[in-house]
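**Q** Quick one: this structure, given as structure tokens, is what I'll be asking you about.
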Amino acid sequence: MRTIQRKLRELNTILKNYHLSCSLKKGNPIEGEEYRIRYFFHLMYWQSFDENHSDILSSIKNKRQLLEKFAKHAPYTRSIDRKKWISLLRISLQRMKQGHSITYVPEEMNKFVHPLITKEEFTHYILEPFFEANFWSMNHITPTEQAYLYFMFGVMNTYLEEDLLDTPDKVQESWGWIESSIVENFEKNFKICFTTSEKNYLYVNLAMIHLYSRVFGTKKKVDAFGKSAEDRDFQHIFPVMYPIMQQFFSGVARRIPELNTYYEKNRRLIFQYCMLVRDIFIKHEQPVIFYIQSKYGKTQELWAKKRILSMTERPIKYSASADQLPDIVISDYPIDKKAYDQTNTQIFYWNGQPTKNDWARLKAEIIKIRNEKNRSILEKLDFVN
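Mapped onto UniProt numbering, the consecutive letters of the sequence shown carry residue numbers 1 to 385.
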């Protein structure tokens, strides 16, 4: 009995984080708002998802046809996104069949507007085909159930720039003054001028992140194995960007107190910001400049130059002269280093006919130089708002 009580306490500690509690009632082991219960069940299921051994996916009728239909009407979703979504629908169907309907949702769900699909289109092209295929009348799908599913369909996805190009008007409905202010401060603090498509990308995804934080935020999100991520885990992924983004967030949050509430509910928030801006910042980052010289002649230099320029998608630029103080000088013979004593230029030696190991060393050196350049630029930024 003591063992059972101890296990229940451990389980309740986890459930409390999701605003739920353990119940010994038959057929309903967890108590709380139904929309939270479904979210928790799906979260735990998805974190241990195995496509080859999924009872939920295998129990869905006409699964292949439904996934194809979803792909047609939601082309901005990936295959894995559609499987994630159809799994949530299956969990919701199971809960409804067990008599657990959603009778309450937060106001954020009732007011939610998806940037790429109306609620009417969503109901007709997404919900109706699924429930009809799985023998469940749409009469059971109340406006509250519909609001929950429509909201989840929105916040469970990330939207790329190309996804939002043809819907500028709908995009405007997806963000508010907080998102607008953050984007403005991104430009101001990081000294970047975003394009319209980049702004729309940031507006929409920031709105989704913030909505999720307000509705489902937990102070200490845990995975299906009881583990939670800490700041050190996030910084390991973004060694340069994460501490800088912490400074940025601290400055902006002084002007927008709501952000502190979001962060209290979602400790992954700053990490999500890093994920969101990474590709945009890469497009705007300073290139690594290299100069190459070879005693084997011009054709050897030309071949190596072209290969270096194609070895990474990150910005990299060739310098026609060593006098322009490139970030790295690549040579297959000893050179006079005195010309670079007072500079940050790195000297890289390799074989006249570069080996696989030479290319690996060069790639690692370029990554190191790029990280140091980015770190140097970011550390000079002023985050006082």
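All C-beta atoms in this analysis are idealised placements derived from N, C-alpha and C, irrespective of residue type, glycine included. Only a predicted model underlies this, so the values are computations on that prediction, with no experimental measurement involved.
1) Looking at the secondary structure, which residues open and close the beta strand (DSSP E) in which Y318 lies?
2) Quick one: grab the DSSP three-state call for F248.
3) Pull the bridge partners of Y291 from the DSSP assignment, please.
4) What's the C-alpha gap between V105 and S376?
5) From P115 to E145, what distance separates their C-alpha atoms?
6) Count the C-beta pairs between the stretch 250 to 260 and the stretch 227 to 241 that are closer than 8 angstroms, then say yes if the count reaches three, no if not.
7) Looking only at C-alpha atoms, which of S101, F271, T261, N266 sits nearest to Q247?
8) At 3 residues or longer, what runs of the beta strand (DSSP E) sit wholly inside the stretch 141 to 182?
9) In whole angstroms, what separates the C-alpha of V329 from that of A322?
10) Can you check the stretch 337 to 378 for any beta strand (DSSP E) of at least 3 residues that lies completely inside it and give the ranges in chain order?
11) Starting from I30, follow its DSSP beta bridges and name the residues at the other end.
12) Which same chain residues, not among the five before or five after F216, have their C-beta less than 7 angstroms away from its C-beta?
13) Between the alpha carbons of I56 and D81, how many angstroms are there, rounded?
14) Leaving aside the five residues before and after D163 along the sequence, list all residues of the same chain whose C-beta is less than 6 angstroms from its C-beta, in chain order.
15) Is N228 helix, strand or coil when you go by DSSP?
16) According to the neighbour-count rule (16 or more other Cβ atoms, all chains shown, within 10 Å of its Cβ), is E179 buried or exposed?
17) Could you pull out every residue in the same chain whose Cβ sits closer than 6 angstroms to the Cβ of I244, ignoring the five residues on either side in sequence?
18) I need the boundaries of the alpha helix (DSSP H) containing F271, first residue and last residue.
19) So if DSSP puts T218 in a beta bridge, which residue, or which two residues, is it bridged to?
20) Mind checking I182: buried by the 16 CB within 10 Å criterion, or exposed?
21) Distance check for H100 and Y125, CA to CA, integer angstroms please.
22) Between the alpha carbons of L165 and S197, how many angstroms are there, rounded?
23) So, at 6 angstroms on beta carbons, what are the nonlocal neighbours of P287 in its own chain, with the 5 sequence-adjacent residues on each side left out?
24) Does the separation of the CB atoms of Y313 and N374 fall below 8 angstroms?
25) Since Y203 and E161 are thought to touch, with beta carbons under 8 angstroms apart, how far apart are those beta carbons, to the nearest angstrom?
26) Does the distance from the CB of E301 to the CB of I308 come in under 8 angstroms?
27) Skipping 5 residues on each side, what residues in its chain have a beta carbon closer than 7 angstroms to that of G154?
28) What residue range does the alpha helix (DSSP H) around R95 cover?
**A** Taking the structure as given:
1) 316 to 318
2) helix
3) V329
4) 47 angstroms
5) 20 angstroms
6) no
7) F271
8) none
9) 7 angstroms
10) 346 to 349
11) C22
12) Y39
13) 15 angstroms
14) Y76
15) The sequence shown places Ser at residue 228, rather than the Asn named in the question. DSSP places S228 in strand when its eight states are reduced to three.
16) buried
17) L378
18) 269 to 284
19) N266
20) buried
21) 24 angstroms
22) 7 angstroms
23) P315, I316, K317
24) Going by the sequence as given, residue 313 is Glu instead of Tyr. It is not a contact, given that the beta carbons lie outside the stated cut-off.
25) Wrong, their Cβ atoms sit about 11 angstroms apart, outside the cutoff.
26) no
27) F112, H114, M208
28) 79 to 97
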